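Residue numbers (this note's numbering), protein chains in the order written: chain A, 1 to 102; chain B, 1 to 102; chain C, 1 to 102; chain D, 1 to 102.
We treat Cβ as the ideally placed atom computed from N, Cα and C, and that holds for glycine.
From a predicted model like this one, the values you see are computed outputs, not experimental measurements.
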């Protein structure tokens, strides 16, 4: 299982990007994949091929009407099959012995 | 104001990294800066110099006992002074007309 | 056509990573795709599906014997079919009117 | 010593970005810091504070006339003082026993 965070934006549509980000989130949300939206990107969880397919679908939708698109992806693979969307944060809070802003 | 997301990890301490991440979060949480912890990193908000100082403090703590450290940073600067930690997500949900997983 | 830069490293193999990076470069070099190796990653050029296949092949090889793998990818898509591996640098040097360190 | 790769671009200036990238490279080239320009960013080498100062100088120049700026940074710190701008590539080529595209 991997956690994949990505951010994908057009360069040729001006400074307000929420219209294009919303379209990607619509694709992600309807895909059924486990995800979290953050102020800096979207985190997907699944097998490598599953999460890459969702990123590719978002890219195909964006390049349909954008001439230049920038994408940043970070992937954390760890052997095993359990979800880490919640457990990574819990492990840090447990080590510190207090709740953090999430 | 900038939003800065970063992830900082040692390469020479094995596959479990939560001890080192927890130490960074302790620095961040005590700094008083606005932040959010996500499953893939920590998002700071403030002026460029303020957020860079916190990242630098985390780095100094990590290199004190780690021989190799990898850091990834993404920064979104937008003119203006209002917080976007919550408003960026709200703008996307508003465009889609429904709540998303956050 | 996209330019895709990526860096892929195991977290559970200690601080010296060149053995694992060399294996990825062997896959990339034999794939026939256009690429450049830099001190911080490898830049691939091709269609989205082509470059993603090479990254996926490198990941499959790495997870065969690594328990935790970190991957960072940045992709610059621009409409059109001409190679930008050399032309992006040339455009900057032309604007400055002098040669840069490359 | 750290290797720091960064890419910094405005979102509100259209799809052609070389004018703004050239301005950053002028700052970098005149700073005297060790660097390499690649098709996907610029790699700086020096102490943490030195390389961060150059990135900050580039940001200050860009925000003077750009309303939204995106910055991606990756940093590879390794204990020691020798330059790795050339040696990292050499180590991979040595392991593979052949020259690569650089």
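Whole-Å CB distance - residue i paired with residue j, under 8 Å assumed
i, j, result
"residue 56 (chain B)", "residue 75 (chain D)", "Going by Cβ atoms, the distance from residue 56 (chain B) to residue 75 (chain D) rounds to 11 Å, so no, they are not a contact pair."
"residue 49 (chain D)", "residue 5 (chain D)", "Wrong, their Cβ atoms sit about 17 Å apart, outside the cutoff."
"residue 100 (chain C)", "residue 25 (chain D)", "6 Å"
"residue 22 (chain A)", "residue 3 (chain B)", "With 8 Å as the limit, residue 22 (chain A) and residue 3 (chain B) do not qualify as a contact, their Cβ atoms being about 18 Å apart."
"residue 12 (chain C)", "residue 15 (chain B)", "4 Å"
"residue 39 (chain B)", "residue 33 (chain A)", "Rounded, the Cβ-Cβ distance is 14 Å, inconsistent with contact."
Listed by chain order, chain B residues near residue i by CB distance under 7 Å
i, result
"residue 65 (chain C)", "Result: empty, since nearest Cβ-Cβ is about 13 Å, beyond 7 Å."
"residue 82 (chain A)", "Per Cβ cutoff of 7 Å: no residues; residue 82 (chain A) is ~13 Å from chain B at best."
"residue 5 (chain A)", "40"
Reference residue i; option with closest CA among the options
i, options, result
"residue 8 (chain B)", "B:31, B:98, B:37", "B:37"
"residue 88 (chain A)", "B:1, B:88, B:17", "B:17"
"residue 78 (chain C)", "A:28, A:44, A:77, A:62", "A:62"
"residue 67 (chain A)", "C:81, C:95, C:67, C:54", "C:81"
"residue 51 (chain A)", "A:28, A:14, A:90, A:10", "A:28"
"residue 83 (chain D)", "D:14, D:35, D:58", "D:35"
"residue 94 (chain D)", "C:1, C:20, C:43", "C:20"
"residue 30 (chain A)", "A:60, A:64, A:54", "A:54"
"residue 45 (chain C)", "C:60, C:73, C:59, C:69", "C:73"
Neighbouring residues, chain B, relative to residue i (Cβ below 9 Å)
i, result
"residue 70 (chain D)", "74, 75, 76, 77"
Partner residues on chain D for residue i, Cβ-Cβ distance less than 7 Å
i, result
"residue 95 (chain C)", "18, 19, 22"
Residues that residue i contacts on chain A, provided the C-beta gap is smaller than 8 Å
i, result
"residue 61 (chain B)", "Near residue 61 (chain B) there are no residues of chain A at all, since even the closest Cβ is about 14 Å away, more than 8 Å."
"residue 52 (chain C)", "52, 56"
message = Short of 8 Å Cβ to Cβ, which residues in the segment 10-43 of chain C face chain B?
response = 11, 12, 14, 15, 17
Completely contained alpha helix (DSSP H) runs for the segment 23-90 of chain C, where each covers 4 or more residues = 48-63
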